[in-house]
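>
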Amino acid sequence: MDWEAPAIILDARPYGEADAVATVMTEEHGAHRGLARGAQSRSRAALWQQGNLVQVRWVGRLSDQLGSFSAELIHPAAALVLDDALALSMLTASCAVAEGALPERQPYPAAFDGLLHLLARLPQAEQQLAELVRWEVQLLRDLGYGLDLSVCAVTGGTTQLEYVSPRSGRAVCAEAAGTWKERLLPLPAFLGPGNGGPGDPAQWADGLRLTGHFLARDVFGLRHKPLPAARVALYDRIAALKDAPDA
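Sequential numbering of the sequence shown, starting at 78, is according to my numbering.
(1) According to the neighbour-count rule (16 or more other Cβ atoms, all chains shown, within 10 Å of its Cβ), is Asp219 buried or exposed?
(2) Would you kindly work out how many angstroms separate the C-alpha atoms of Asp233 and Arg294, rounded to a whole number?
(3) Would you grab the beta carbon distance between Trp281 and Val214 for me? Rounded to a whole angstrom, and I think it's under 8 angstroms.
(4) Do Leu238 and Leu262 have their beta-carbon atoms positioned less than 7 angstroms apart in this structure?
(5) Is Leu325 helix, strand or coil by DSSP?
(6) What is the rounded straight-line gap between the Cα of Leu217 and the Cα of Val101?
(7) Looking at the structure shown, is Thr235 part of a helix, part of a strand, or coil, going by DSSP?
(8) Could you pull out every residue in the same chain whose Cβ sits closer than 6 angstroms to the Cβ of Ala154, ignoring the five residues on either side in sequence?
(9) At which residues does the beta strand (DSSP E) containing Ser145 begin and terminate?
(10) Count the CB pairs spanning the region 110-121 and the region 196-205 that are closer than 8 angstroms, and state whether there are at least three.
(11) Run through the region 192-247 for me and flag every whole alpha helix (DSSP H) of 4 or more residues, listed as ranges in chain order.
(12) Which residue marks the beginning of the beta strand (DSSP E) containing Leu87, and which one marks its end?
(13) Below 8 angstroms CB to CB, which residues in the same chain sit around Ala82 once its five sequence neighbours on both sides are set aside?
(14) Start and end of the alpha helix (DSSP H) containing His109?
(15) Between the beta-carbon of Val174 and the beta-carbon of Arg90, is there less than 7 angstroms?
(16) What three-state label does DSSP hand Leu139 in the structure shown?
(17) Pop quiz: Leu292 and Leu304 are said to be a contact at Cβ under 8 angstroms. What is the actual Cβ separation, rounded to whole angstroms?
(18) Would you list the residues sitting across from Leu262 in a DSSP beta bridge?
(19) With burial defined as no fewer than 16 other Cβ atoms inside 10 Å of the residue's Cβ, what is the status of Thr236: buried or exposed?
(20) In whole angstroms, give me the CA-to-CA distance for Ala207 and Cys229.
(21) Determine the DSSP secondary structure at Glu252, reduced to helix, strand or coil.
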């Protein structure tokens, strides 16, 4: 059995002296693992970098086998952000979330398309932070943990939505929050009705905190795994950016 498709490399872990067990994501086959022979060799190591878009071919004797990959580079996303610490942090965080959150071999076309567009625009790092948070909201929705950010859970109103319940994932307006607001998660404006604007460091930090809470609880927590270290590091970086004097 075999198939061929454009794929995003989510992870490639060393296996033996020269090979790697790679996880890629395609539109039709979802997150899929396979043995990438020679992936650690000098001539192939640059290809099997996290975040790269490749044309991959998977071959296996049976459909449920690990099988093996061969690939050709389409877009070197990893190389293009190697000298940009923020963009590189966004790349490793989004790939780590996808690799850890997605059930193997189940297609999630919207999540694939969103990640594909995000990685293609990562050289514009700060302009894409709101898109990364929106992608995580889409991923939660695809996995069955959709957030309701369009209407207040208490009043039914659609204005002044400033908070989200950490229990239900539903928006709460400023008026209804009252004394409970310290227990609620801030809702950044770019996630509210209209999804307006690219946001700012404080909103990016709020957005990452919001999606991180539900990813940690509903996706990784149910698998008894922590939120990926790369995702935690991205939040810490943005929180520090928010607190910088010129932020």
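In this text, a Cβ means the ideal position worked out from N, Cα and C, and glycines have one as well.
The relevant details are as follows:
(1) Buried, because 16 or more other Cβ atoms sit within 10 Å of the Cβ of Asp219.
(2) Sequence check: residue 233 is Gly here, not Asp. Approximately 26 angstroms between the Cα atoms of the pair.
(3) Going by Cβ atoms, the distance from Trp281 to Val214 rounds to 13 angstroms, so no, they are not a contact pair.
(4) No, these two residues do not count as a Cβ contact at 7 angstroms.
(5) A question about residue 325 goes unanswered here, because the residues of the chain that appear run from 78 up to 324.
(6) Taking the straight line from one Cα to the other gives about 19 angstroms.
(7) Coil at Thr235, not helix or strand.
(8) Excluding residues within five positions, the ones whose Cβ falls inside 6 angstroms are Gly128, Asn129 and Leu196.
(9) If you look at Ser145, you'll find it in the beta strand (DSSP E) that goes Ser145 to His152.
(10) Touching, no, given that fewer than three Cβ pairs across the two stretches are closer than 8 angstroms.
(11) Listed in chain order, the complete alpha helix (DSSP H) runs (minimum 4 residues) inside the region 192-247 are 206-219.
(12) Residues Asp79 to Tyr92.
(13) Result list for Ala82: Thr103, Glu104, Glu105, His106, Gln132 and Val133, in chain order.
(14) Going by DSSP, His109 is part of no alpha helix (DSSP H) but of the beta strand (DSSP E) stretching over Gly107 to Ala113.
(15) With contacts defined as CB atoms closer than 7 angstroms, Val174 and Arg90 fail to qualify as a contacting pair.
(16) Leu139 falls in the coil class under three-state DSSP.
(17) Yes, they are in contact, since the Cβ atoms of Leu292 and Leu304 sit about 6 angstroms apart, within 8 angstroms.
(18) Partner(s): Val241.
(19) Exposed, because fewer than 16 other Cβ atoms sit within 10 Å of the Cβ of Thr236.
(20) Answer to the nearest angstrom: the Cα atoms are 22 angstroms apart.
(21) Correct three-state label for Glu252: helix.
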